[in-house]
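Participant: Just so you know, the working numbering puts 145 at position 144 of the sequence shown, and the rest follows in order with no gaps.
Just so you know, even glycine gets a beta-carbon here, dropped at the ideal spot from N, CA and C.
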Amino acid sequence: MLVYELISSDFIRIRLIGSTVEERFGGSRTGTNYLDMVEEHRKPSASAALWSQVEKPCGMHVLLEQELMSGRIAYIEAVGLPISNTEGGHPLILFQNNEISRDRDDLLLENWDQFDDKEDRLLKCIRVSERRFFDLGAGIPDFRD
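#1: Contact between the stretch 128 to 137 and the stretch 63 to 82: three or more CB pairs below 8 Å?
#2: Short check: CB of I84 to CB of L93, under 8 Å?
#3: Whole angstroms is fine: what's the gap from I13's alpha carbon to G72's?
#4: What span of residues does the alpha helix (DSSP H) with V55 cover, start to end?
#5: DSSP state of L36, grouped into three classes?
#6: Could you name the residues that DSSP lists as bridge partners for A75?
#7: With a cut-off of 8 Å, do at least 3 Cβ pairs link the stretch 76 to 83 to the stretch 32 to 41?
#8: Considering only C-alpha positions, which residue in the set R25, G138, N86 and G28 is nearest to V4?
#9: Helix, strand or coil for E88, going by three-state DSSP, please let me know.
#10: Classify S48: buried if its beta carbon has 16 or more other beta carbons within 10 angstroms, exposed otherwise.
#11: Closer than 7 Å by C-beta to L137: which residues in its own chain qualify, once you throw out the five before and the five after it? Chain order, please.
#12: Since I believe I8 is in contact with E31 (beta carbons under 8 Å), could you give me their beta-carbon distance rounded to a whole number of angstroms?
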């Protein structure tokens, strides 16, 4: 489970992180910028997807691939919902996510050499395989990856 606080287009704070997700991310990430774990060329799109979810309140279903410290690829299914920020201020999104498959790990590990900076292997990147918004009563955004 994760709670994101949308501060600005280039800073999406991880406000709360569950222990299983924290373990998968390779350590404490509370307070850090989620976008630091996104591939550089995808950061604007990742930010826009989250902002579109709060600008037109809707749910999000996403399939992700996450590079882990060990080099293993974790396949994640996540569902996100905008939630009220009772303190006022920045919008919040709650994401529940679960690892769903390990079937392709061996094949993807063969390609691990394409990542050359060992220090970045903690959580090299997060890739979106599929993203869909679902209506909570206000429609869905026009955003597309």
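Facilitator: Working from what's here:
#1: Taking a contact to require three or more Cβ pairs closer than 8 Å, the stretch 128 to 137 and the stretch 63 to 82 qualify as touching.
#2: Cβ atoms of I84 and L93: closer than 8 Å.
#3: Between I13 and G72, the C-alpha separation is close to 25 Å.
#4: Looking at the DSSP string, the run of the alpha helix (DSSP H) that includes V55 is K44 to E56.
#5: Helix, per DSSP.
#6: According to DSSP, which records beta bridges pairwise, A75 is partnered with Q67.
#7: Verdict: no, contact absent.
#8: Among R25, G138, N86 and G28, the Cα nearest to that of V4 belongs to N86.
#9: E88: coil per DSSP, three-state reduction.
#10: By the 10 Å Cβ count, S48 comes out buried.
#11: Correct list, in chain order: P58, C59 and G60.
#12: The sequence shown places Thr at residue 31, rather than the Glu named in the question. About 14 Å; that fails the 8 Å criterion.
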